[in-house]
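This is the structure we're talking about:
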C-alpha cells in the first residue's frame, strides 16, 4: 500500500491528553510526511494545542470533535454503555467508517478493548483481542503476546495467538517463517501445566515454525520471533521487565551522582551514557497492537510522553502499510479452516 | 539459636560440582567461622579440591562420601527411584538424621524438591514446597514465592504461600507484620482471574497484613515485604527480570568498549561502574528456600560461581539461626487450625 496513511488519534485519553498527543503528532509528521492525522476530542482544546505547536491549518492534520473523555479508571462496561461521544469511541468510529485506517489511543486499556470489539468487531474465529508488542532482544526484537487482554487462556487460544503473532511478524518484519515459542518455566517437554503442553502439541502439529518452550530470559536472548503466553503471564513479565530496567536506571543515576567525583565522571562518560540510555529507551517500544480485531488499534502507554506516543503512531502507520489485519485474517482463515472471512481479510478497508 | 551451625553441602551437583562448592565453602568460612560444613559427594575429588584451597584437615569442614550424582536434566521420578547414594540425597539424609541443620544444593530443582519431600516430609497442611527468594527492591528487598515449584495453584495454596512467606519475613527480617501482596495484572479488585480474586478474599479475611494486588514493577518499587503468585508466573517473572538485567549489562559493556575513547571513559568511570555492578550483582540474591518442608533446603543456581554459592550458604545459616521451619510450622498450625504440628514445629531439630 502506498499513498497517504490516515490515522485517527484519540487526543484526549491517557494521563496527559492533548498536550502529549499533539506533541506526538508534530514529531510523527517530521518523520512521516505521508501521514494524515485526525485528532479526535475537544476541538477547542486541540486547536489551542495545535497553535502552540504551529500546526494550525497544517494540511496533514484535521480535528474531529468529541465531547467526552474516557477516564483511566472508568469501568469498561460503563464506558460501553454511556460515553457514546468519547474521543476514544469517535476515533474507533472513524476506522469503522473507513475515514481512518487505524486508531491510536493512550487511554484505559479495558475500555479501548471493549469499544474496539464493539465498534470494529473481531476476525472470524477469534473471541477477544490479544495485545502484542515488540520486546528488545539481542538479535533485534521479538513480538510477544498476549500482554494482558486475556487473564486465562485455553490451549486453542494460545495457538491462535501464535498464528496471529506469526502473521504479524511476517507482515511487519518480512520474516517468511517466524520462529514461534511458548513461554514456559523450563524447556523440557514435561514442564509447565497441561494448557501449555496442549498448546505445544497443537503447535507441533501445525505448519507454523514452532521451536518449543523458552524461559523468561529467552525473550531477550533466544533466537525467537514470536513469544506466546497467556495475558496474565505476559503482563506480569512485561511489567517485571520494565520494573527491573527502571530499578537499574535508578541505581545508575544514584551511583553517578553520589558525590562530586562521580558527577565529574558522569560528565566525562556523557556520550557513552547517552548512547546507552538511547538503547535502553523504552519509548522505542511504546505502542502495543490489539490483534484479532477487524481493524488496527494501537495502545500507547497511559503515561507516554510525546516521543513515546509518536512511536505508537509509527507502529500504527507500519501496520496500515503492511495490511496487518488482512494478512492475519487470511492466515487465520487458512489455518482454522474458516470459509467466512472478514471484510478486511478479503481486502476491504 | 547460638553455637555452631552445621550445614550439609551437596558438593557434586550443579554445573560446576565440587570446584564451585569447595570454593564457596572457603568464602563462607571466612565470613562465618561459626559454620560447620559437611561436604557430601565423591570423597577423593572433594579432598583434592579441599587441598587446592588449603582446607585439608580444617576443623570446620568434614566430608561425607556419596557415590552418585544427580544429573541436571535427570527426570525427578527416576532420581527418587534410583540414585539412593547420590550426594543430593545423602545431604538431605544428614538433615533428616539431625547431623546437619540445613542442606544446600545447586542441583536439579525438580529432583531436589522430590527428594526433600520424600526424605524430610512436609509441614502439616502443605502438599508441595514453594520456592521463595529475596528480590531487590528500592526499599531493600521483598520475598517472592512461588518461583516455580507449583505450575498451577489453588486460591488456598496461594493463601498458604502468603502465610509461609510472612512467617519467613518475620523470622529473617524481624518484621512484625510483613506487608503481603498478590501479584496481579492490575490493582483494581476486578483484575485477574477467579483464583487470584478468591485468594484476595481469603487474605482479606485473615489476620495477615494483606495490602492488595501489585503489578510486576511493584515487586521492585512498592512498599511490600512478601509477593505471592503461582509458580508459573513467579518463575517467568524471575527469569524475565534476570533477562532484562543481563541485557542491560550487555548493552553497558558494549557501549563502554565501543571504541578507544569509550574504553578510556570506562577506565575513568571504573569506581562508579564497580560500585554499580556490585549493586546489580545477582549473586547477592542467590539461594532460594523451599518452604513448607520439615527442614531447611536451599537451592543455589545451577551455574552459580563460588561467590553466589557462598550466598546460598549464608541464607541457609540465617534460616537455621532464625529457626525458620519451626516458626513457619507454628504459624501454619495457628492459621490453618491444625492440631497436629510437626517435629520441627514443636521445637525439634
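Chains as they are written, first to last, in the working numbering: chain A, 442 to 790; chain B, 442 to 790. In this text, a Cβ means the ideal position worked out from N, Cα and C, and glycines have one as well. Nothing here was measured: the structure is a model prediction, and the numbers come from that model.
Mind pulling the chain A residues with CB within less than 9 Å of residue i?
i, result
"residue 703 of chain B", "710, 712, 713, 716"
Which chain B residues sit within Cβ distance under 7 Å of residue i?
i, result
"residue 577 of chain A", "688"
"residue 674 of chain A", "673, 674, 677"
"residue 592 of chain A", "626, 633, 634"
"residue 706 of chain A", "709, 710, 713"
Starting from residue i, trace the beta strand (DSSP E) in both directions and tell me its first and last residue.
i, result
"residue 641 of chain B", "Premise fails: residue 641 of chain B lies in the alpha helix (DSSP H), 635 to 645, not in any beta strand (DSSP E)."
"residue 586 of chain B", "581 to 586"
"residue 653 of chain B", "650 to 655"
"residue 482 of chain B", "476 to 482"
"residue 605 of chain A", "No beta strand (DSSP E) holds residue 605 of chain A; the alpha helix (DSSP H) holding it covers 596 to 614."
"residue 547 of chain A", "Run containing residue 547 of chain A: none; DSSP gives neither H nor E here."
"residue 505 of chain B", "502 to 506"
"residue 445 of chain B", "Where residue 445 of chain B is concerned, there is no enclosing beta strand (DSSP E), given that its DSSP letter is neither H nor E."
"residue 669 of chain A", "667 to 669"
"residue 620 of chain B", "620 to 624"
"residue 452 of chain B", "It is not in any beta strand (DSSP E) - residue 452 of chain B carries neither H nor E in the DSSP assignment."
Do you know whose CA, among the options, lies nearest residue i's CA?
i, options, result
"residue 592 of chain B", "A:551, A:569, A:585, A:637", "A:637"
"residue 635 of chain B", "A:594, A:649, A:585, A:576", "A:594"
"residue 510 of chain A", "A:721, A:529, A:615, A:575", "A:529"
"residue 598 of chain B", "B:693, B:640, B:696, B:498", "B:640"
"residue 631 of chain B", "A:575, A:514, A:580, A:497", "A:514"
"residue 740 of chain A", "A:473, A:556, A:603", "A:556"
"residue 691 of chain A", "B:717, B:444, B:625", "B:717"
"residue 419 of chain A", "A:494, A:760, A:708, A:576", "No information on residue 419 of chain A is available, as it lies outside the stretch 442 to 790 that chain A covers here."
"residue 628 of chain B", "A:676, A:601, A:613", "A:676"
"residue 720 of chain A", "A:763, A:578, A:757, A:590", "A:578"
"residue 526 of chain B", "B:766, B:560, B:470", "B:560"
"residue 722 of chain B", "B:752, B:644, B:549, B:768", "B:752"
"residue 494 of chain A", "A:516, A:476, A:471, A:512", "A:471"
"residue 704 of chain A", "A:712, A:713, A:694", "A:694"
"residue 550 of chain B", "B:707, B:730, B:600", "B:730"
Mind listing the chain A neighbours of residue i? Cutoff is C-beta to C-beta under 8 Å, in chain order.
i, result
"residue 582 of chain B", "Result: empty, since nearest Cβ-Cβ is about 12 Å, beyond 8 Å."
"residue 595 of chain B", "Neighbours of residue 595 of chain B on chain A: none; closest Cβ ~13 Å, over 8 Å."
"residue 624 of chain B", "677"
"residue 660 of chain B", "681, 684"
"residue 657 of chain B", "676, 677, 678, 679, 680, 681, 682, 683, 684"
Just the chain B side, please: which residues come within less than 8 Å of residue i by C-beta, in chain order?
i, result
"residue 720 of chain A", "692, 696"
"residue 571 of chain A", "Within chain B, no residue comes near residue 571 of chain A; the closest Cβ sits about 14 Å away, beyond 8 Å."
Would you mind reading off the limits of the alpha helix (DSSP H) that contains residue i?
i, result
"residue 754 of chain B", "747 to 762"
"residue 561 of chain A", "550 to 561"
"residue 528 of chain A", "528 to 537"
"residue 676 of chain A", "672 to 697"
"residue 719 of chain A", "711 to 720"
"residue 466 of chain A", "458 to 472"
Among residues of its own chain, excluding the 5 on either side of residue i, which ones have a beta-carbon nearer than 6 Å to its beta-carbon?
i, result
"residue 781 of chain B", "For residue 781 of chain B, the pLDDT reaches just 41, beneath the cut-off of 50, and the residue's location in the model is therefore unreliable, although a value from the coordinates is still provided. Cβ within range, chain order: 565."
"residue 456 of chain B", "743, 744"
"residue 541 of chain A", "447, 448, 449, 479, 535"
"residue 610 of chain B", "584, 616, 619, 666, 667"
"residue 464 of chain A", "747"
"residue 787 of chain A", "A caution first: residue 787 of chain A carries a pLDDT of 44, below 50, which makes its placement in the model too unreliable to give a value."
"residue 679 of chain A", "588"
Note down, in chain order, each residue of its chain lying with its Cβ closer than 7 Å to the Cβ of residue i, except the 5 sequence neighbours on either side.
i, result
"residue 462 of chain B", "450, 452, 480, 750"
"residue 531 of chain A", "481, 505, 507"
"residue 665 of chain A", "583, 620, 622, 652, 655, 659"
"residue 789 of chain B", "Residue placement at residue 789 of chain B cannot be trusted, given a pLDDT of 40 that sits under 50; the coordinates are not used to answer."
"residue 502 of chain A", "466, 478, 480, 491, 496"
"residue 459 of chain B", "452, 453, 482, 486, 487, 490"
"residue 783 of chain A", "Model confidence at residue 783 of chain A stands at a pLDDT of 42, short of 50, so the residue's coordinates are unreliable and nothing is read from them."
"residue 580 of chain A", "664"
"residue 484 of chain B", "504, 506"
Can you list the residues of chain A that residue i reaches, using a CB-CB cut of under 7 Å?
i, result
"residue 589 of chain B", "626"
Can you tell me whether residue i sits near the ligand NAP, meaning its C-beta is under 7 Å from at least one heavy atom of the ligand?
i, result
"residue 510 of chain B", "Only the bare structure without any ligand can be found here, which leaves the ligand NAP out of the picture."
Is residue i close to chain D, meaning its C-beta is less than 8 Å from at least one C-beta of that chain?
i, result
"residue 744 of chain A", "Judged by its chain identifiers, the structure shown contains no chain D, and its protein chains are A and B."
Take residue i and list the residues in its own chain whose beta-carbon comes closer than 8 Å to its own, dropping the five residues that flank it on each side.
i, result
"residue 785 of chain B", "Summary for residue 785 of chain B: the model assigns pLDDT 45, below 50, so the residue's position carries little reliability; its value from the coordinates is reported in the next sentence. Only 564, 735, 736, 766, 767, 770 meet the Cβ criterion."
> In chain order, what residues of the region 630 to 652 of chain B put their CB closer than 9 Å to some CB of chain A?
Replying inline: Against chain A - using a Cβ distance shorter than 9 Å - the residues of the region 630 to 652 of chain B are 631, 632, 633, 634, 635, 636, 637.
> Which of the residues in the region 478 to 497 of chain A, read from start to end, lie with their CB under 7 Å from any CB of chain B?
Replying inline: Residues of the region 478 to 497 of chain A with a C-beta atom less than 7 Å from some C-beta of chain B do not occur.
>> Counting only Cβ-Cβ distances shorter than 9 Å, please list the residues of the region 754 to 781 of chain A near chain B, keeping chain order.
In response: Those residues of the region 754 to 781 of chain A placed with their C-beta closer than 9 Å to a C-beta in chain B do not exist.
> What are the residues of the region 594 to 615 of chain B that lie near chain A, defined by any Cβ-Cβ distance shorter than 9 Å?
Replying inline: Residues passing the 9 Å Cβ filter: none.
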